[in-house]
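S.K.: Residue numbers (the numbering used here): 13 to 182.
Built from N, CA and C at the ideal position, the CB exists for glycine as well.
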Ligand SMILES: Cc1cc2nc3c(=O)[nH]c(=O)nc-3n(C[C@H](O)[C@H](O)[C@H](O)COP(=O)(O)O)c2cc1C
């Protein structure tokens, strides 16, 4: 399976990065093809709501920034992993920017290849995940109808094992 991981933590050795590392190692070992981007190191601007993508652009975004690298992968990826720290009760702005830019590629429908989604979250306090969960449930499971492989957080007991187990049964 082709898997696209989008990491929205700027900390290269942080909690989110550790979850991504565990997932990638296990998914690789199980024969999956994982492409991961740290979106904090990319030049990705916010959605302009210009609607070029839904008109003249025929699905192409008008902005030619690093999001183009992600659009290329989205065309045939089968699973999306959204990974981020919680900042002020929501996912980091860096990942939120990317999700807003999904507007050209995943709205009104996602490519048929895209079937699954998972989320990795990291926060200082526990129970800080309602905002991120609302988007995961509403946008990715509900609206897009993807199969949810779970939300994993740094406060979950044995989270690395749980992530590795999930990667084994994809
Ligand atoms: C700008 C900013 C806002 C934050 N807001 C919250 C918050 O609302 N709730 C919380 O529990 N932790 C908050 N934190 C703490 C981070 O979520 C926490 O340190 C997290 O584990 C960082 O993940 P990382 O190691 O993957 O970068 C915030 C941290 C920063 C830098």
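Between 63, 48 and 30, which has its C-alpha nearest residue 84's C-alpha?
M.R.: Selected option, being the one with the closest Cα: 48.
S.K.: Comparing alpha-carbon positions, which option in 60, 102 and 95 lies nearest residue 30?
M.R.: When only C-alpha atoms are compared, the closest one is 95.
S.K.: Quick check for students: name the residue ranges of the beta strand (DSSP E) that lie wholly in the stretch 78-132, counting only runs of 3 or more.
M.R.: Entirely contained in the stretch 78-132, the beta strand (DSSP E) runs reaching 3 residues are, in chain order, 91-99.
S.K.: Give a yes or no on whether the C-beta atoms belonging to residue 28 and residue 179 are separated by under 9 Å.
M.R.: No, the pair does not count as a contact, with Cβ atoms beyond the cut-off.
S.K.: Report yes if the C-beta of residue 131 is less than 8 Å from at least one heavy atom of ligand 1; otherwise report no.
M.R.: Checking every heavy atom of ligand 1 against the Cβ of residue 131, none is found closer than 8 Å.
S.K.: For residue 106, count neighbouring C-beta atoms within 10 Å of its own C-beta (all shown protein chains included) and say buried if the count is 16 or more, exposed if not.
M.R.: Buried, because 16 or more other Cβ atoms sit within 10 Å of the Cβ of residue 106.
S.K.: Take residue 110 and list the residues in its own chain whose beta-carbon comes closer than 8 Å to its own, dropping the five residues that flank it on each side.
M.R.: Closer than 8 Å at the Cβ level, and outside the excluded window around residue 110, lie 18, 20, 51, 56, 79 and 82.
S.K.: Assuming residue 16 contacts residue 92 under a Cβ cut-off of 8 Å, what Cβ separation, rounded to an integer in Å, is found between them?
M.R.: About 6 Å separates the two Cβ atoms, so the contact holds.
S.K.: So is the beta-carbon of residue 147 under 8 Å away from any non-hydrogen atom of ligand 1?
M.R.: Answer for residue 147: no, Cβ out of range of ligand 1.
S.K.: Given that a residue counts as buried once 16 or more other Cβ atoms are within 10 Å of its Cβ, and exposed if not, what is residue 158?
M.R.: Counting Cβ neighbours within 10 Å, residue 158 comes out buried, since at least 16 surround it.
S.K.: Closer than 8 Å to a non-hydrogen atom of ligand 1 - does that hold for the CB of residue 23?
M.R.: Yes, the beta carbon of residue 23 sits closer than 8 Å to at least one heavy atom of ligand 1.
S.K.: Under the rule that 16 or more other beta-carbon atoms within 10 Å means buried, what is residue 124, buried or exposed?
M.R.: So residue 124 ends up on the exposed side.
S.K.: If you compare alpha carbons, which of 77, 61 and 114 is closest to residue 87?
M.R.: Comparing Cα-Cα distances from residue 87 to each of 77, 61 and 114, the minimum goes to 114.
S.K.: Tell me whether residue 166, by its Cβ, gets closer than 8 Å to a heavy atom of ligand 1.
M.R.: The answer is yes for residue 166.
S.K.: Short check: CB of residue 129 to CB of residue 152, under 9 Å?
M.R.: Contact flag set, yes.
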